[in-house]
Each structure stands twice: as C-alpha cells, then as structure tokens.
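Numbering (the numbering used here), first residue to last: 382 to 466.
All residues carry an ideal CB built from backbone N, CA and C; glycine is no exception.
This report concerns only the one structure given below.
Structural data, given as structure tokens:
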C-alpha cells in the first residue's frame, strides 16, 4: 500500500485499515524506526473501570451522545425491524 505525506508531514490511514484496527479520531499510535523505514503501532488502552452502586462499570465516554428522544427512536426502529419477517 502506498501513501503520500502532505506538506505538514501527515499521512492519511485508509478508512478500511482504521475500521479493521478500531482506530477513531484521537487514537494514540506509537512510531518506531526500523532500519530505513518505520513501524506504526496502535496503542489500545483499556477503558477505566469505576465502581457504581457496588458494581464495576466501564467509565469511558460514549463515542456518540444521544438525547432520550433519539434513544427511543433507535429502539423503536430496532424493535419494528425485528417484528417484520
């Protein structure tokens, strides 16, 4: 796969690669030089665990914030889809 570096030194990681590696905006990467090239590694950090009401829950921020109306709409559409053959 060939990529091009822009004027500011940036390289775009193709969407299929980002999706396959679960890379999202703000994802951290490690760059290691190897001989005449380099290796780019995704740094997947475990989400923080928090205790709430005596139960451990993932304390990570949601990727998308929805209003109560949006959640109800999504649930309604999902339920309708399951009821139809």
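Asked	Found
Kindly indicate the opening and closing residues of the alpha helix (DSSP H) around residue 398.	396–401
Mind checking whether residue 409 and residue 424 have CB atoms under 9 Å apart?	yes
Do residue 439 and residue 447 count as a contact pair if the criterion is CB distance below 9 Å?	no
To the nearest angstrom, how far is it from the Cα of residue 418 to the Cα of residue 453?	50 Å
Excluding the 5 residues flanking residue 412 on each side, which residues of the same chain have their C-beta closer than 7 Å to its C-beta?	419, 421
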